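Participant: Okay, handing you the structure first.
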Amino acid sequence: MAISLSSLNSTRAKAKSRAPLLVIYGVDGVGKTTLAAEFPDAIYLPTTGERAPAELDLPTPGDITSMDDLWNVVGELLDRDENGNLTHNFKTAIIDSLDGLEPLIWARTCARIGVSSIEEPGFGKGYVEADVEWNEYLDAVTDLTEAGITVVQLAHPGIVQFNSPISDPYSRYEIKLHKRAASLVREKADVVGFVNYRISLIKADPKKTNSPTHAEGGNERNIHLNEKAGFVAKNRFSMPDSIRYRKGEGYTELSKFFPHLAAA
-4 MAISLSSLNS
6 TRAKAKSRAP
16 LLVIYGVDGV
26 GKTTLAAEFP
36 DAIYLPTTGE
46 RAPAELDLPT
56 PGDITSMDDL
66 WNVVGELLDR
76 DENGNLTHNF
86 KTAIIDSLDG
96 LEPLIWARTC
106 ARIGVSSIEE
116 PGFGKGYVEA
126 DVEWNEYLDA
136 VTDLTEAGIT
146 VVQLAHPGIV
156 QFNSPISDPY
166 SRYEIKLHKR
176 AASLVREKAD
186 VVGFVNYRIS
196 LIKADPKKTN
206 SPTHAEGGNE
216 RNIHLNEKAG
226 FVAKNRFSMP
236 DSIRYRKGEG
246 YTELSKFFPH
256 LAAA
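As C-alpha cells, then:
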C-alpha cells in the first residue's frame, strides 16, 4: 500500500510504543553484565566464551554458537498466542557480546557468498558483504523492541585512532567491532553507553607546572551517554552526559529517560 499524507502518524508516539535498543560497552571488569542484569525479567544470551559473574542468576538457553541459534531464540521470544500476547514473561534480552557475535555473522556471510574466510574476497569486500547479515540481525533485535522487549547488547572496547577532520588525530574508545559493523550498530541503537572508572590526575607538587602526575580513584564508575573526545556514546532520550553507576541502581537511573516507560 502506498503511503499518503492522509494518514499521518506521530514519531513521538512510535518512540513511546517500543522498548529501547541499547549498547553497553566498557573496560574489563567494570560491571557491564551486572548492569544489564538489573534490567527487569531478563534472558541472558551469551556467545561462546562469555560468562555472567558468579553472583548473577539469569535464565539462559545456553551459548549462541551460530546465527541459527540466535534466530531460533528470537523467534521464540516473538511468538504470540491466539490472543496476540507474547508466550513468555521476558522483558529484556541481554546479548553478550556483540564482538562475540561478529565471527558468527562472518561465518554466515562466508557461507552465503561461498568463501572460506571474510578476508578471502579481498579489498574489504567481505566486510561490505557482511552488512547484509548485520542488517538482518539489527532488524531482528528491532523486532524485539517493537514487541516491548528491551535489548541490551554488551560489547568490549577497542582503542582506535580517530582521524578528525577538524583536529589532529587522537585515540578514543570505540565498540570492538569492524568499523562498518560498529557504524551500523551505533546508528540503530537508541543508547550507546560507555562505562568506565572515574580517574583523577593528581600532580605530585601542584605548585610546579612541570610536576609529574599520577592517577587516583578507580572505584567510582560512570555511564557516559553523550560522545566526548575519548569515547563513542549517544542517546536519543535527552539523557545527561553521564550518570554515576552504583551497583543495583543503574537500571533505575537509566530507565527514568525511557519513553516507553513514561508512557505506561
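FYI, the numbering used here numbers position 73 of the sequence shown as 68, with every residue one higher than the one before it. Quick reminder that beta carbons are idealized off the backbone N, C-alpha and C, glycines included. The model shown is predicted, which means the values in this text are computed figures rather than measured ones.
1) Taking the alpha-carbon positions, what's the Arg107 to Glu128 distance?
2) Around the Cβ of Thr42, are there at least 16 other Cβ atoms within 10 angstroms (buried) or fewer (exposed)?
3) Look at the alpha carbon of Leu73 and the alpha carbon of Asn217, and state the distance between them as a whole number of angstroms.
4) Can you check DSSP and say which residues form a bridge with Pro153?
5) So the alpha helix (DSSP H) Ala106 belongs to, where does it begin and stop?
6) Near Thr104, what residues of its chain come up, given a Cβ to Cβ distance below 6 Å and the 5 sequence neighbours on each side ignored?
7) Consider the C-beta atom of Ile38 and the heavy atoms of the ligand NAD; say whether any pair is separated by less than 8 Å.
8) Could you give the DSSP three-state label for Glu50: helix, strand or coil?
9) For Asn158 and Lys174, I'd like the C-alpha separation in whole angstroms.
10) Does DSSP put Ala88 in a helix, a strand or coil?
11) What would DSSP say about Pro41, mapped onto helix, strand or coil?
12) My assumption, with CB atoms under 8 Å, is that Val147 sits in contact with Ala31. Please give the rounded CB distance.
13) Within a Cβ cutoff of 8 Å, which residues of the same chain sit near Asp36, ignoring the five residues on either side of it in sequence?
14) Tell me where the beta strand (DSSP E) around Gly57 begins and ends.
15) Near Gly188, which residues of its chain fall below 6 Å by C-beta distance, leaving aside the five closest residues on each side in sequence?
16) What residues in its chain sit with their C-beta under 7 Å from that of Ile100, if we drop five residues either side in the sequence?
17) Let me check understanding here. Comparing Cα to Cα, which of Arg239, Arg181 and Arg231 lies closest to Phe253?
Facilitator: The structure says:
1) Within the sequence shown, numbered from 1, the residue matching residue 107 stands at position 112. Within the sequence shown, numbered from 1, the residue matching residue 128 stands at position 133. Going from the Cα of Arg107 to the Cα of Glu128 covers about 10 Å.
2) Start at 1 with the first residue of the sequence shown, and residue 42 comes out as number 47. Under this definition Thr42 is a buried residue.
3) Here residue 73 corresponds to residue number 78 of the sequence shown, with the count starting at 1. Here residue 217 corresponds to residue number 222 of the sequence shown, with the count starting at 1. So the alpha carbons of these two residues sit roughly 33 Å apart.
4) Along the sequence shown, read from residue 1 onward, the residue named residue 153 stands at position 158. Note that residue 153 corresponds to Gly in the displayed sequence, not to Pro. Answer by DSSP bridge pairing, in chain order: Glu169.
5) One-based indexing of the sequence shown puts residue 106 at position 111. Looking at the DSSP string, the run of the alpha helix (DSSP H) that includes Ala106 is Leu93 to Ile108.
6) As a working note, residue 104 is residue 109 in the sequence shown. The residues are Glu124, Ala125 and Glu128.
7) This structure lacks the ligand NAD, and indeed carries no ligand of any kind.
8) Within the sequence shown, residue 50 is the residue found at index 55, counting from 1. Note: Glu50 maps to coil in three-state DSSP.
9) Stepping through the sequence shown from its first residue, residue 158 is reached at position 163. Stepping through the sequence shown from its first residue, residue 174 is reached at position 179. Computed Cα separation, rounded: 13 Å.
10) Locating residue 88 in the sequence shown gives position 93, where the first residue counts as 1. Note: Ala88 maps to strand in three-state DSSP.
11) On the sequence shown, position 46 is the one that residue 41 refers to. Residue state, collapsed to three classes: strand.
12) Mapped onto the sequence shown, residue 147 falls at position 152. Mapped onto the sequence shown, residue 31 falls at position 36. Sure, about 4 Å apart at Cβ, within 8 Å.
13) The residue labelled residue 36 in the question sits at position 41 within the sequence shown. The answer, listed in chain order, is Asn84, Phe85, Lys86 and Thr87.
14) Here the question's residue 57 lines up with position 62 in the sequence shown. Where Gly57 is concerned, there is no enclosing beta strand (DSSP E), given that its DSSP letter is neither H nor E.
15) Indexing the sequence shown from 1 puts residue 188 at position 193. Closer than 6 Å at the Cβ level, and outside the excluded window around Gly188, lie Ile19, Ile218 and Leu220.
16) Looking up residue 100 in the sequence shown gives position 105. Contacts found: Met62, Ala125, Glu128, Trp129 and Tyr132.
17) As a working mapping, residue 253 is identified with position 258 in the sequence shown. Closest by alpha carbon: Arg231.
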